[in-house]
Amino acid sequence: MIIFQHKLTLKTKLMKRSILYIPILALCLSISCKSDKKEDVTNDTNVEVGSDTKDIPPPPPPTSDKEPDYYKDTKKVTLALDAKSNSGVTGNVIFKQDQGVVTMIAVLGGLTEGEHAIHIHEKADCSSDDGKSSGGHWNPTGQPHGKWGNATGYHKGDIGNFTADENGHASITKVTDEWCIGCGDDTKDILGKAIIVHQGVDDFTSQPSGAAGSRVSCGGIIQ
Ligand SMILES: [Cu+2]
């Protein structure tokens, strides 16, 4: 009898507990649902913000009094490189100017595997077989020859060295605001100059041209 009573009491206790747990469980469920909904709303808001932004035109780029007028001009020059010094080195070069920044992309073929120098020389004249008709390095600021960005100086034509793969192919990209295309600033304007590819490597030290060896490809930068 005592045992039965005890069992009954235990059952009642358990039932009471369950009754207590049900609302707690319901409350938990509703909170978790609410937080799920909250996330959904947040996501929806993000989507809406995103789609709204698309309709608003982007703000104009910040203008400064120091910016030269040519920063507004978008320009492009393409040129082909001709083999020189009995090499088979040819290629194509594209120069693009946008907001005062010039991007050069050169794609070359017919090279020997390994490192070679590439420069801008002073004249768009590739008429001679050795490419020397293009003159020396383009150096409008009268600096010593060196690696681009060197504190001790460098020519505006000191693009530097690149590596050709085992198939003799190479691509070179250079981005700079120290050049322009036809802006008329003699210290920046690459028009009327030439791209020269050398057989050897620029040591960035020897004056006036880095001892880069013969000129194996040449192209005039002309519009
Ligand atoms: Cu050179």
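According to the numbering used here, the stretch in the sequence shown is residues 24 to 246, in order. Backbone N, C-alpha and C fix where the C-beta goes; we use that ideal spot for every residue, glycine too.
- Boundaries of the beta strand (DSSP E) around F118: 113-121.
- Following the DSSP letters along the chain, one finds K179 in no beta strand (DSSP E), marked with neither H nor E.
- Separation of H221 and P81 (C-alpha to C-alpha, rounded to the nearest whole angstrom) is 44 Å.
- Taking C203 as reference, the option from V124, S108, G154 with the minimal CA-CA separation is V124.
- Screening all residues for a C-beta within a distance smaller than 5 Å of any heavy atom in ligand 1 leaves H142, I219, in chain order.
- In the three-state reduction of the DSSP assignment, D105 falls in the strand class, which pools E and B.
- A contact is defined here as three or more CB-CB pairs under 8 Å, and the region 181-194 fails this definition with respect to the region 146-155.
- Burial is judged here by how many other beta carbons sit within 10 angstroms of a residue's own beta carbon; N184 has at least 16 and is buried.
- Proximity to I128 across L104, P231, S108 peaks at L104, based on C-alpha coordinates.
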